[in-house]
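Engineer: Have a look at the structure that comes next, please.
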Amino acid sequence: MVEERTIEKTEEKVVEIPKWRRVFDDYRAMSDEILRPDEPKKEKFLEAMKKSLSKQNWPFLLPYKLTLEACTKCGTCAEACSTYIGSGRKKIYSPVYRSDMLRKIYKKHFTLTGKLFGSLVGAKDPTEEDINALAEAVYRCTVCRRCALACPFGLDNGLITREARKIFADIGIVPDELKENGVENQLKYGSAPKVPYEAFMDILEFIKEDIEEEKGIEVEIPVDKKGAKYLIMNNAGDYLAFTETVQGIVEIMNYLGEDWTLNSPRTGVNDVVNYGLFYSDEDLVRVMKAHVETAKKLDVEYLVVGECGHAYDALAHFAKDLIPPEERPFKVISWMELLDQFIREKRLKLDKEKNPEPVTFHDSCKWGRTGGIYEEPRRILQAACKDFREMYPNREWNYCCGGGSGFAIMTKDDFLKFRMETYGKVKVEQLKQTGAKIVATICSNCKGQFRELINYYKLDMRFSGVSELVANALVYED
Amino acid sequence: MPDLEVKGKKLRLDEDGFLQDWEEWDEEVAEALAKDTRFSPQPIELTEEHWKIIKYLRDYFIKYGVAPPVRMLVKQCKKEVKPDCNLQYIYKLFPQGPAKDACRIAGLPKPTGCV
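Quick note, the sequences are listed as chains A and B, same order. For the first sequence, the residue numbers in my numbering are 8 to 485. For the second sequence, the residue numbers in my numbering are 31 to 145.
Put into structure tokens, the structure is as follows:
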């Protein structure tokens with residue numbers, strides 16, 4: 008007897024999602040829900056722009072206006088920009104083009120000559136479409152500020168991107184990855200990925216067990232320890248996606264027997280990121296204050312910024328301008344400076360043979376060009392790795408990985424492709440030329456971008472934080 | 031917002047193809063999510079290896095409210111699926127990676143923050 012079998016065949020309907028309307032180029036960083044391309048917003052935009060040009064914007068007003076007024080359109084910045092180069096020199100991606108989109112509006116509405124002479128002096132009254140295009144255009148620049156270094160007049164097109172993002176944030180246009188699912192999550196739950204207390208403790212338990220299994224070393228992980236000398240606050244990504252980094256930090260601090268602590272979401276904020284830095288002064292300060300409150304609550308001597316570039320920028324630089332010293336009774340230091348100090352004090356015995364593969368270092372824009380942290384990670388890597396190689400160009404002239412200013416977590420529509428095929432393309436060439444097997448970097452944004460680049464271009468290498476390479480080289484005396 | 035039809039029922043997805051309501055998930059939903067080429071360049075054929083990872087992600091999420099760290103996932107995969115599992119192997123199973131493909135098919139909300 009033949010058994011009858013019915014094979015159910017489900018109708019497979021391929022439903023294409025209509026792509027969001029193109030407003031600037033072939034990509035969209037923001038959904039229709041956020042950008043609202045059909046909603047008139049010119050009036051609100053101009054109102055917000057007026058505010059951005061007022062004294063309320065005191066920390067940035069001078070370089071902002073100077074950059075709007077003094078540009079001679081020489082185009083030097085374009086050749087410094089890796090989006091422009093990587094895209095095959097598409098004009099729309101050059102810094103000067105992007106800034107000019109805002110500059111035309113500035114001239115038309117905020118200068119006398121522009122009001123009188125219009126297009127003769129480069130002024131233009133924006134259409135709704137111009138506003139939509141600008142909103143997307145400011146999310147094609149990672150604010151790496153390499154162009155600012157190249158400008159013969161010292162003008163800062165990166166700052167213009169950020170000022171324009173601020174104007175849009177004021178009228179409710181910000182990628183949800185940064186605002187709604189970033190800053191708001193962080194302030195409500197302690198971290199942008201919303202890691203609950205129990206999960207956080209489980210991750211630490213995992214780290215402890217993993218070190219014990221791999222190294223045969225028992226470690227202690229202090230959490231929420233009041234009065235500790237060092238509070239090391241990490242990027243939540245270093246717990247979830249790049250756990251090896253926190254693992255490295257734990258191992259190093261145990262080796263040293265230092266008085267230190269990590270902090271759980273119960274103490275306030277335990278994710279060192281500050282996405283507000285990318286788009287809004289108000290949100291920058293909200294997050295900064297939450298960091299300060301957390302460190303105060305724990306009564307620590309140092310708030311140590313882990314492997315997170317923009318967090319260092321926010322806490323080491325912006326906080327000094329925006330929060331009075333008496334309101335932040337602790338010192339801010341980066342984990343790189345601290346680790347470098349420990350190594351220079353010869354407190355860590357390291358065996359380079361344990362890291363025999365060629366290692367190169369990627370200078371993150373926020374650590375390097377903005378933060379000036381160049382030599383610390385190099386000294387550390389040279390102490391821990393047998394074959395350290397520079398990538399060229401490097402230090403202040405290094406190219407952005409393409410994940411900066413929040414891009415590493417933005418993947419809507421074809422945005423990943425944009426990241427891979429503009430900035431990413433330039434970065435990959437640079438990486439290949441080093442012949443390195445490991446690219447070390449100290450920023451979660453960069454790590455996330457490298458993860459995708461390595462996968463997209465099938466590179467025969469891996470990425471790593473600096474901390475895990477150091478931990479790997481530790482020599483334990485019996 | 032896009033939706034996904036499974037057994038005549040319309041499920042709401044977010045813009046990146048993640049289920050809006052993680053409780054609506056079952057194995058047939060997972061199959062449909064894996065085949066949804068709107069959010070993945072090619073359909074993913076779910077094998078036993080995929081299922082072990084999907085179930086692990088899901089159990090962890092239900093217990094802790096967040097997806098496990100990637101390293102934890104790789105370690106679990108070493109125990110249950112492949113002793114020499116690494117991140118590349120996870121990408122082999124889930125071409126867009128642990129978040130964009132594995133979590134999505136497991137019906138977890140889209141991971142947020144620097145992950």
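Backbone N, C-alpha and C define an ideal beta-carbon position, used for all residues, glycine too. All values reported here derive from a predicted model rather than from experimental measurement.
Given 8 Å as the limit, is there contact between the stretch 279 to 293 of chain A and the stretch 258 to 266 of chain A, that is, 3 or more CB pairs closer than that?
Structural biologist: In the pairwise beta carbon analysis, the stretch 279 to 293 of chain A is classified as not touching the stretch 258 to 266 of chain A: fewer than three pairs are separated by under 8 Å.
Engineer: Leaving aside the five residues before and after W27/A along the sequence, list all residues of the same chain whose C-beta is less than 7 Å from its C-beta, in chain order.
Structural biologist: Within the first sequence, residue 27/A is the residue found at index 20, counting from 1. Excluding positions up to five away in sequence, the list reads R35, S38, D39, D420.
Engineer: How would you call A77/A, buried or exposed, if buried means at least 16 neighbouring beta carbons within 10 angstroms?
Structural biologist: As a first step, residue 77/A must be located in the first sequence, where it is residue number 70. The C-beta of A77/A has fewer than 16 other C-beta atoms within 10 Å across all chains shown, which makes the residue exposed.
Engineer: Which residues in chain A have a C-beta closer than 7 Å to the C-beta of P141/B? List them in chain order.
Structural biologist: For the purposes of this step, residue 141/B is taken as residue 111 along the second sequence, with counting starting at 1. Per Cβ cutoff of 7 Å: P200.
Engineer: Taking the C-alpha atoms as reference points, what is the distance between T17/A and Q456/A?
Structural biologist: Here residue 17/A is taken as the residue at index 10 of the first sequence, counted from 1. Here residue 456/A is taken as the residue at index 449 of the first sequence, counted from 1. For T17/A, the predicted structure reports a pLDDT of 44, less than 50, and the residue's modelled location is therefore unreliable. A value from the coordinates is still provided. It is roughly 38 Å from the alpha-carbon of T17/A to the alpha-carbon of Q456/A.
Engineer: Using a cut-off of 8 Å between C-beta atoms, extract the partners of Y94/B located in chain A.
Structural biologist: Here residue 94/B is taken as the residue at index 64 of the second sequence, counted from 1. P203, E205, A206, D209, listed in chain order.
Engineer: Taking contact to mean at least 3 C-beta pairs separated by less than 8 Å, is the stretch 121 to 133 of chain A in contact with the stretch 377 to 395 of chain A?
Structural biologist: no
Engineer: Helix or strand or just coil, what does DSSP make of L60/A?
Structural biologist: Here the question's residue 60/A lines up with position 53 in the first sequence. Reduced to three states, the DSSP call for L60/A is coil.
Engineer: For the stretch 84 to 114 of chain B, which residues have a CB atom closer than 9 Å to at least one CB atom of chain A, in sequence order?
Structural biologist: Y90, K93, Y94, G95, V96, A97, P98, P99, V100, R101, M102, K105
Engineer: Is V9/A helix, strand or coil by DSSP?
Structural biologist: Counting from one through the first sequence, the residue named residue 9/A turns up at place 2. Residue placement at V9/A is poorly supported in this model, since its pLDDT is 45, which falls under 50; the coordinates still yield a value, given next. Reduced to three states, the DSSP call for V9/A is coil.
Engineer: Would you check if the stretch 395 to 406 of chain A and the stretch 34 to 51 of chain B touch, i.e. whether three or more CB-CB distances between them fall below 8 Å?
Structural biologist: Because the criterion of three Cβ pairs below 8 Å is not met, the stretch 34 to 51 of chain B and the stretch 395 to 406 of chain A do not touch.
Engineer: Excluding the five sequence neighbours on either side, which residues of its own chain have a C-beta within less than 7 Å of the C-beta of A480/A, listed in chain order?
Structural biologist: The sequence position of residue 480/A within the first sequence is 473, counting from 1. The answer, listed in chain order, is L357, D358, K359, K361, N362, A391.
Engineer: Could you work out which residue in E220/A, D231/A, K72/A is closest to G161/A when comparing CA atoms only?
Structural biologist: Taking the first sequence and counting its residues from 1, the one referred to as residue 161/A is at position 154. Cα-wise, what sits closest to G161/A is K72/A.
Engineer: Can you tell me the Cα-Cα spacing of S341/A and H369/A, whole angstroms?
Structural biologist: Locating residue 341/A in the first sequence gives position 334, where the first residue counts as 1. Locating residue 369/A in the first sequence gives position 362, where the first residue counts as 1. So the two alpha carbons sit approximately 17 Å from each other.
Engineer: Of the choices A243/A, T252/A, R169/A, R172/A, whose alpha-carbon is the least far from that of M343/A?
Structural biologist: Walking along the first sequence from the start, residue 343/A turns up at place 336. Among A243/A, T252/A, R169/A, R172/A, the Cα nearest to that of M343/A is on T252/A.
Engineer: Enumerate, from N- to C-terminal direction, the unbroken beta strand (DSSP E) stretches of 3 or more residues contained entirely within the stretch 216 to 288 of chain A.
Structural biologist: 237 to 240
Engineer: Please report how far the alpha carbon of T13/A lies from the alpha carbon of E58/B, in whole angstroms.
Structural biologist: Counting from 1 along the first sequence, the entry for residue 13/A is found at position 6. Counting from 1 along the second sequence, the entry for residue 58/B is found at position 28. Low confidence applies to T13/A: its pLDDT is 43, below 50, so where it sits in the model is not reliable enough to give any reading.
Engineer: Bridge partners for E35/B per DSSP, in chain order?
Structural biologist: To locate residue 35/B, count along the second sequence from 1; it is residue 5. Partner(s): K40/B.
Engineer: Inspect the beta-carbon positions of F117/A and L68/A and report whether they are closer than 9 Å.
Structural biologist: Residue 117/A sits at position 110 when you count from the first residue of the first sequence. Residue 68/A sits at position 61 when you count from the first residue of the first sequence. Cβ distance not < 9 Å, so F117/A and L68/A don't count as in contact.
Engineer: Less than 9 Å between CB atoms is the rule here; does L291/A satisfy it with respect to chain B?
Structural biologist: Counting from 1 along the first sequence, the entry for residue 291/A is found at position 284. It does not; no Cβ of chain B falls within 9 Å.
Engineer: In chain A, which residues lie with their C-beta within 7 Å of the C-beta of E45/B?
Structural biologist: For the purposes of this step, residue 45/B is taken as residue 15 along the second sequence, with counting starting at 1. Under the 7 Å cutoff, chain A gives S38, K419.
Engineer: DSSP on R35/A, reduced to helix/strand/coil?
Structural biologist: As a working mapping, residue 35/A is identified with position 28 in the first sequence. R35/A: coil per DSSP, three-state reduction.
Engineer: Could you work out which residues of chain B lie near K278/A, taking near to mean beta carbons separated by less than 9 Å?
Structural biologist: Reading the first sequence from its first residue, position 271 is the one you call residue 278/A. The sequence shown places Asp at residue 278/A, rather than the Lys named in the question. Neighbours of D278/A across chain B, judged by C-beta separation under 9 Å: G143, C144.
Engineer: Between Y119/B and chain A, is the shortest Cβ-Cβ distance under 9 Å, so that the two count as touching?
Structural biologist: As a working note, residue 119/B is residue 89 in the second sequence. So no, Y119/B is outside the interface.
Engineer: Could you confirm whether any beta carbon from chain B is found closer than 9 Å to the beta carbon of N462/A?
Structural biologist: For this step, residue 462/A is matched to residue 455 along the first sequence. At least one chain B Cβ lies under 9 Å of N462/A.
Engineer: My understanding is that G189/A touches M240/A, with C-beta atoms under 8 Å, so please give their C-beta distance in whole angstroms.
Structural biologist: Position 182 of the first sequence, counted from the first residue, corresponds to residue 189/A. Position 233 of the first sequence, counted from the first residue, corresponds to residue 240/A. About 16 Å; that fails the 8 Å criterion.
Engineer: Alpha carbon to alpha carbon, how far is K20/A from C450/A?
Structural biologist: Position 13 of the first sequence holds residue 20/A. Position 443 of the first sequence holds residue 450/A. A caution first: K20/A carries a pLDDT of 48, below 50, which makes its placement in the model too unreliable to give a value.
Engineer: When you compare the CB of C151/A with every CB in chain B, is at least one pair closer than 9 Å?
Structural biologist: The residue given as residue 151/A occupies position 144 in the first sequence. No, no contact with chain B.
Engineer: In the structure shown, what three-state DSSP assignment does V128/A receive?
Structural biologist: Position 121 of the first sequence, counting from 1, holds the residue named residue 128/A. Helix at V128/A.
Engineer: Which chain A residues sit within Cβ distance under 7 Å of K39/B?
Structural biologist: Position 9 of the second sequence, counted from the start, is the residue given in the question as residue 39/B. In chain order: nothing, as chain A lies at least about 13 Å away.
Engineer: Distance check for S70/B and P125/B, CA to CA, integer angstroms please.
Structural biologist: Stepping through the second sequence from its first residue, residue 125/B is reached at position 95. Stepping through the second sequence from its first residue, residue 70/B is reached at position 40. Straight-line spacing of the CA atoms in P125/B and S70/B works out to 8 Å.
Engineer: Measuring only between beta-carbons, confirm whether G137/B sits less than 9 Å from chain A.
Structural biologist: By one-based count along the second sequence, residue 137/B stands at place 107. Judged by the 9 Å Cβ criterion, G137/B is not in contact with chain A.
Engineer: Output needed for Y204/A: all residues of its chain with C-beta closer than 8 Å, excluding positions within five of it in sequence on either side, in chain order.
Structural biologist: As a working mapping, residue 204/A is identified with position 197 in the first sequence. Result list for Y204/A: S271, P272, R273, in chain order.
Engineer: Does D217/A come within less than 9 Å of chain B when only Cβ atoms are used?
Structural biologist: Here residue 217/A is taken as the residue at index 210 of the first sequence, counted from 1. By this cut-off, D217/A is an interface position.
Engineer: Given G442/A, which residues of its chain have a CB within under 8 Å of its CB, disregarding the five upstream and five downstream residues?
Structural biologist: Here residue 442/A corresponds to residue number 435 of the first sequence, with the count starting at 1. P365, R396.
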